[in-house]
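This report refers to the structure that appears directly beneath it.
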Amino acid sequence: MDRLLFIEGQAPDVEGVLAKANSFLEKSESFVLGVLAFRSKERVDSRAETLKLFLSLGSSLALLTLTMSFIIVMLFRQAKISRDSYKKAKRLTIELKAAVKTAQQASTVKSNFLATMSHEIRTPMNAIIGLTHLVIDSGIDDKQKIQLEKIQKSTESLLFIINDILDFTKIESGKMSLEKAPYCLDDVLDYIYYLNKDVASSKGLRFTVSRDFSIAGFLIGDKIRLQQILINLISNAIKFTSSGFISVNVYKGGENSLIFEVKDSGIGISKGANIFDAFTQADTSTTRLYGGTGLGLSISKKLVELLGGKVSYDTEIGKGTCFSISLPYQPESASTDLSGSDFFVVENDTLIRSILSSLHIEPIKTITLDDVGDVQKTPVIVSDEWLDTSEKYASKGLPPLFYTKVLVIGMDVAVSRKCLVTSLITPKQISEKFLQINVDGEKVEKKSTLSRLSESQSMVGKKVLLAEDNKINADIAKALLEKMSLSVDWVENGQHAFEHATNNHYDLILMDIRMPIMDGYEASDKIQKALQDKKPPIIALTADSFTMTNKSISKQGIDDVLSKPIDPALMLAKLESWMPEK
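Position 192 (the sequence shown) corresponds to 192 in the UniProt record's numbering; numbering is contiguous.
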């Protein structure tokens, strides 16, 4: 140390040493303080960063907490909403089931109401119409006959309205049942022709019904509904036509369609008229002037659609309307044969030659115009077209025709007093007209329905059981049946009907449906089970046509249905069908 402090031979430089020491100390102090300051600053900065980090973490945690709280609140709220929705859906389901049940009950009540009303209205109407038929045929004077015929027509008009309302309700409720069975097209055309012929004639209208002879004679479909559609259209045409013509024509619309065309020369239909809407007519004045419910066309359109077809119309105000119905063409093999008939055709009558050619009648025997009046034994067929255009015939005058047997096709005019005419142009009609020309060339007049009942020989000696609780209706039915020379036993309820049927032999049973003690359904079912193969045909007599379907009756042992009021012609047809002459 001394060596450091003292240099040999010299005195120590204390001040210098102290200065150096101070300088060293200052530098050391400065260095230490600098290091301490740096470390202090570093710690302060670190604490600030940590604080900042903690603040950021705290904020994030707070935000996360708030978010989770919000989510939890929303989940609880959604759970509550879902729970409330489930309860509401469950309540609505219960209410919906109750509403469906109520609607079904209402539909059942409505159906029962309509069936009851149908029965209650048709029962007295059956008495009115039936008794009117019987009185008209009882030999009364002309004035009384005219009055009774007016009563009959008015009652039939009321029945027509009732049927329209019931049919409309059946269609709307989906309870309209349709047949798919073979039927004769000419029978349909015969029916609509004779049903409307007199009404059209009373207004001075020319009414013709014709068809394309190449159409099969028998078709597959619903005969009754087709007749209903055509009758509705023809009735409308007659109602709205004051002069001119009504024509019905049937022809092929292609390989798979059949067109039924109803044309008139009436008032026409205004543009934009909703004629197919229920209870709607062209305008309010139409209802006041012509009457009607406005249901006919609506029902017809719905029936056409149910049959797989469509309906359209062309019209011109003041000139007339043409309705066209397109239905599926489903032919059944059958034909009308005139090949065995012997007749002449005027050589230049192209219409008749065309008709006969379509019937495959070859060869066609022709006759000249000069020889028409000379033919005495063989019938001559001429068309109204030929009569209208043949000046040579007009110059010869009508008398020559009166000495021969002449069938005029297409018109109903004054010559009908001496010639046999027809404006129903079908193979069946032409065939039948030949049979109506007797050996003297005169017409055989069409007999009334009741006269046909009296002259029906197929019923003689047969026995019928009549089950009917209404005394008036029973008396009417018995009178009609006895006109056919049928033996009739009458009972007032289903129980007695069952007892009589099982203890006696009957060729047919007429069974009313609504009867006391035991109804017609139960009685028919018991008779079927008791007699089995020996059961006679059972025809239901009912005013409840609304509830009757083929499926429902077949299960009960009922073979057919005859609606009230009883139509004598329809009753005769059904009886002849179920009790054919042996």
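Think of the CB as a built atom: it goes at the ideal place given N, C-alpha and C, for glycine as much as any other residue.
This one's a predicted model, so the numbers in the text were calculated from it and none came from an experiment.
### Message
Can you look up Asp337 in the DSSP assignment and give me helix, strand or coil?
### Response
For the purposes of this step, residue 337 is taken as residue 337 along the sequence shown, with counting starting at 1. Because the pLDDT at Asp337 is just 47, under 50, the model does not fix this residue reliably, and the value given afterwards should be weighed accordingly. Secondary structure at Asp337: coil, using DSSP grouped into helix, strand and coil.
### Query
From which residue to which residue does the alpha helix (DSSP H) around Thr241 run?
Position 241 of the sequence shown, counted from the start, is the residue given in the question as residue 241. Neither: Thr241 is in no alpha helix (DSSP H) and is coded neither H nor E.
### Task
Classify Leu536 as buried or exposed, calling it buried when 16 or more other Cβ atoms lie within 10 Å of its own Cβ.
Within the sequence shown, residue 536 is the residue found at index 536, counting from 1. The sequence as given places Pro at residue 536; Leu does not occur at that position. So Pro536 counts as buried.
### Message
Within the continuous beta strand (DSSP E) that includes Asp264, where are the two ends?
### Response
Stepping through the sequence shown from its first residue, residue 264 is reached at position 264. Per DSSP, Asp264 is one residue of the beta strand (DSSP E) stretching across 257 to 264.
### Message
If I follow the unbroken beta strand (DSSP E) through Leu510, where does it start and stop?
### Response
By one-based count along the sequence shown, residue 510 stands at place 510. Boundaries of the beta strand (DSSP E) harbouring Leu510: 508 to 512, taken from the DSSP string.
### Query
Is the beta carbon of Ala540 sitting closer than 9 Å to the one on Asp560?
For the purposes of this step, residue 540 is taken as residue 540 along the sequence shown, with counting starting at 1. For the purposes of this step, residue 560 is taken as residue 560 along the sequence shown, with counting starting at 1. With respect to the 9 Å criterion, Ala540 and Asp560 are classified as neighbours on the basis of their beta carbons.
### Query
For Glu149, which of Gly130, Ile161, Asn163, Asp167 has the nearest alpha-carbon?
Here residue 149 is taken as the residue at index 149 of the sequence shown, counted from 1. Ranking Gly130, Ile161, Asn163, Asp167 by CA distance to the CA of Glu149 puts Gly130 first.
### Query
In chain order, what residues of the same chain have a beta carbon less than 7 Å from the beta carbon of Ala477, not counting five sequence neighbours either side?
What you label residue 477 is simply residue 477 of the sequence shown in a count that begins at 1. Excluding residues up to 5 positions away in sequence, Leu466, Glu468, Leu510, Ile566 lie with their Cβ nearer than 7 Å to the Cβ of Ala477 in the same chain.
#### Entry: Enclosing alpha helix (DSSP H) for Asn493 [first to last residue]
Translated into the one-based positions of the sequence shown, residue 493 becomes position 493. No alpha helix (DSSP H) holds Asn493; DSSP gives it neither H nor E.
### Query
Do you know whose CA, among Ala48, His133, Asn493, Pro328, lies nearest residue 628's CA?
Outside the displayed range of the chain (1 to 582) lies residue 628, so it cannot be described from this structure.
### Message
Cutting at 8 Å between CB atoms, please list the residues of its own chain near Glu316, excluding the five before and the five after it.
### Response
As a working note, residue 316 is residue 316 in the sequence shown. Closer than 8 Å at Cβ, skipping near neighbours: Gly268.
### Candidates Thr108, Ile151, Asp137, Phe113: closest to Ile128 by CA position
Here residue 128 refers to the residue found at position 128 when the sequence shown is read from its first residue. The candidate whose alpha carbon is nearest that of Ile128 is Ile151.
### Task
Taking only the alpha-carbon atoms, compute the straight-line gap between Leu18 and Lys41 and give it to the nearest angstrom.
Position 18 of the sequence shown, counting from 1, holds the residue named residue 18. Position 41 of the sequence shown, counting from 1, holds the residue named residue 41. The alpha-carbon atoms of Leu18 and Lys41 are separated by roughly 33 Å.
### Query
Which one or two residues does DSSP pair with Pro536 in a beta bridge?
Against the sequence shown, residue 536 aligns to sequence position 536. Beta-bridge annotation (DSSP): Pro536 is not paired with any residue.
### Task
Identify, in the order they occur along the chain, each residue of the same chain with its Cβ nearer than 6 Å to the Cβ of Asn232, setting aside the five sequence neighbours on each side.
Looking up residue 232 in the sequence shown gives position 232. Answer for Asn232: Gly296, Ser300, listed in chain order.
#### Entry: First through last residue of the beta strand (DSSP E) which encompasses Ala523
Here residue 523 corresponds to residue number 523 of the sequence shown, with the count starting at 1. Run containing Ala523: none in the beta strand (DSSP E); it sits in the alpha helix (DSSP H), 520 to 531.
### Query
Which word fits Ala37, buried or exposed, when buried means at least 16 other C-beta atoms lie within 10 angstroms of its C-beta?
Start at 1 with the first residue of the sequence shown, and residue 37 comes out as number 37. By the neighbour-count rule (16 or more Cβ atoms within 10 Å), Ala37 is not buried but exposed.
### Query
What three-state label does DSSP hand Lys80 in the structure shown?
As a first step, residue 80 is located in the sequence shown; it is residue number 80 there, counting from the start. DSSP places Lys80 in helix when its eight states are reduced to three.
### Query
Of all the options Leu134, Met484, Glu120, Glu179, which has the alpha carbon lying nearest to the alpha carbon of Leu159?
Taking the sequence shown and counting its residues from 1, the one referred to as residue 159 is at position 159. Nearest C-alpha to Leu159 among Leu134, Met484, Glu120, Glu179: Glu120.
### Task
Quick one: using the 10 Å Cβ neighbour count with 16 as the cut-off for buried, is Lys529 buried or exposed?
Taking the first residue of the sequence shown as 1, we reach residue 529 at position 529. By the Cβ-count criterion, Lys529 is exposed, with fewer than 16 other Cβ atoms from all chains shown falling within 10 Å of its own Cβ.
### Task
Could you tell me which uninterrupted alpha helix (DSSP H) segments, each at least 4 residues in length, are contained entirely in the region 141 to 174, listed from first to last along the chain?
Annotation note: the region 141 to 174 contains the following uninterrupted alpha helix (DSSP H) runs of length 4 or greater, listed N- to C-terminal: 142 to 172.
### Message
Once the 5 residues before and after Tyr506 are set aside, which same chain residues still bring their CB inside 6 Å of it?
### Response
In the sequence shown, counting from the first residue as 1, residue 506 sits at position 506. Excluding positions up to five away in sequence, the list reads Lys463, Leu465, Pro536.
### Message
Less than 6 Å between C-beta atoms, sequence neighbours within five positions excluded: which residues of the same chain meet that for Ile558?
### Response
By 1-based counting over the sequence shown, the position of residue 558 is 558. In the same chain as Ile558, and ignoring 5 residues on each side of it, the C-beta atoms closer than 6 Å to its own belong to Ser524, Ile538, Ala540, in chain order.
### Query
Any idea what DSSP makes of Ser177, helix, strand or coil?
Locating residue 177 in the sequence shown gives position 177, counting from the first residue. In this structure, Ser177 counts as coil in the three-state DSSP scheme.
### Message
Ile259 and Ser214 - do their beta-carbons sit closer together than 9 Å?
### Response
For the purposes of this step, residue 214 is taken as the residue at position 214 of the sequence shown. For the purposes of this step, residue 259 is taken as the residue at position 259 of the sequence shown. The answer is no: Cβ separation not under 9 Å.
### Task
Note down the Cα distance separating Val250 from Arg211, rounded to an integer number of angstroms.
Along the sequence shown, read from residue 1 onward, the residue named residue 250 stands at position 250. Along the sequence shown, read from residue 1 onward, the residue named residue 211 stands at position 211. Between Val250 and Arg211, the C-alpha separation is close to 4 Å.
### Query
Which of the three DSSP states, helix, strand or coil, is assigned to Lys97?
Mapped onto the sequence shown, residue 97 falls at position 97. In the structure shown, Lys97 sits in a helix (DSSP, three-state: H, G or I).
### Message
Per the DSSP calculation, Ile325 is bridged to which residue(s)?
### Response
Taking the sequence shown and counting its residues from 1, one reaches residue 325 at position 325. For Ile325, which the question treats as bridged, DSSP gives the partners Phe260, Val311.
### Query
Given a threshold of 16 other Cβ atoms within 10 Å of its Cβ, counted over all protein chains shown, does Thr241 qualify as buried or as exposed?
On the sequence shown, residue 241 is found 241 positions in, with the first residue counted as 1. Per the 10 Å Cβ criterion, buried.
### Query
What whole-angstrom Cβ distance do Leu205 and Ile246 have, given they're in contact under 8 Å?
Counting from 1 along the sequence shown, the entry for residue 205 is found at position 205. Counting from 1 along the sequence shown, the entry for residue 246 is found at position 246. Right, the Cβ-Cβ distance comes to about 6 Å (below 8 Å), so this counts as a contact.
### Message
In the DSSP assignment, the beta strand (DSSP E) including Ala467 goes from what residue to what residue?
### Response
Counting from one through the sequence shown, the residue named residue 467 turns up at place 467. Segment 463 to 467, the beta strand (DSSP E) holding Ala467.
#### Entry: The beta strand (DSSP E) enclosing Asn249, as first and last residue numbers
As a working mapping, residue 249 is identified with position 249 in the sequence shown. First-last of the beta strand (DSSP E) with Asn249: 245 to 252.
### Task
Could you check the C-alpha separation between Asp84 and Val100 for me, to the nearest Å?
Mapped onto the sequence shown, residue 84 falls at position 84. Mapped onto the sequence shown, residue 100 falls at position 100. So the two alpha carbons sit approximately 24 Å from each other.
### Task
Whole angstroms is fine: what's the gap from Ser201's alpha carbon to Ser243's?
Here residue 201 corresponds to residue number 201 of the sequence shown, with the count starting at 1. Here residue 243 corresponds to residue number 243 of the sequence shown, with the count starting at 1. Whole-angstrom Cα-Cα distance: 10 Å.
### Task
Have a look at Gln78, Phe276, Thr321 and flag the residue whose alpha-carbon is nearest the alpha-carbon of Glu305.
Position 305 of the sequence shown, counting from 1, holds the residue named residue 305. Measuring from the Cα of Glu305, the nearest candidate turns out to be Phe276.
### Task
Would you be able to state if there are at least three C-beta pairs under 8 Å between the region 218 to 234 and the region 173 to 189?
A contact exists between the region 173 to 189 and the region 218 to 234.
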